[in-house]
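Enquirer: Numbering (this note's numbering), first residue to last: 10 to 227.
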Amino acid sequence: MKIRQKAIILFSGGLDSATVLYYAISKGYKCHCLIFDYGQKHNKEIKSAEKIAKLVKADYSIVKVKLPWSKDSLTDKSKKVPERKTIANIVPSTYVPGRNTLFLSFALSYSQSINADSIFTGVNSVDFSNYPDCTPEFIKAYNGVLKSLKTKITVKTPLAKMSKAQIIKLGTKLKVPYELTWTCYNGYKKPCGKCDSCKLREKGFRETGICDPVFNYK
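1. From what residue to what residue does the beta strand (DSSP E) around F112 run?
2. Please report the straight-line C-alpha distance between L179 and T28, rounded to a whole angstrom.
3. Contact check, F214 vs I177 under 8 Å by CB: the rounded distance?
4. Short of 7 Å in beta carbon distance, which residues of its chain neighbour T181, apart from the five on each side in sequence? Order them along the chain.
5. Per DSSP, which one or two residues make a beta bridge with A16?
6. Given a cut-off of 8 Å on the beta-carbon distance, is the pair T192 and G23 in contact?
7. Taking 8 Å as the cut-off, decide whether the C-beta atoms of G202 and E211 are in contact.
8. Classify K198: buried if its beta carbon has 16 or more other beta carbons within 10 angstroms, exposed otherwise.
Laid out in structure tokens, this is it:
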């Protein structure tokens, strides 16, 4: 009997990470999801992540990380999430400094503990908010760190160079339940439609000609 490879999935419950989870499953990996509670203003994405992990019967852990010094608009309750008319080539206030480095470090620890050989993350550098820790350069550098640790673990980013429309087409083919995902930076009853994340999601669905099921989900 062939032993299935194990993979750690950095899982936020959003569109990209859900697509990555289903992609890894389609490649035969036994997936273990890491869900992070890092002081977000709302827990809607965490609840979405739990629902989807349970749906695919994947093991999951919720890791609490405290960042008391954070001044970004995703964790600082005194700051409002920006509503930019255009997504300019600058790092926005929603960038949480060091977040992906922390997440990948937890994933490395988890990987070595259960003998997983891959870490999957849904970072994307095409339709994105210009976060510096979502770029190919950052992932290449982190894989260099893993190599220096004499480990065979690698970070895989299958969506890195795909547009949001291409990601949605792939996820639709893989039957990703996009109605269960939560992408919005705000924790309202329905997505706000005004933050960067909502705008990029809307752009992707519009370009595919597919209606976003999240608005029809109760």
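Note that the Cβ used here is the ideal one computed from N, Cα and C, for glycine as well. These numbers were taken from a predicted model, which means no experiment stands behind them.
Expert: With the given structure in hand:
1. Careful: F112 lies outside any beta strand (DSSP E), inside the alpha helix (DSSP H) at R108 to I123.
2. 8 Å
3. 6 Å
4. I219
5. C40 and S127
6. yes
7. yes
8. exposed
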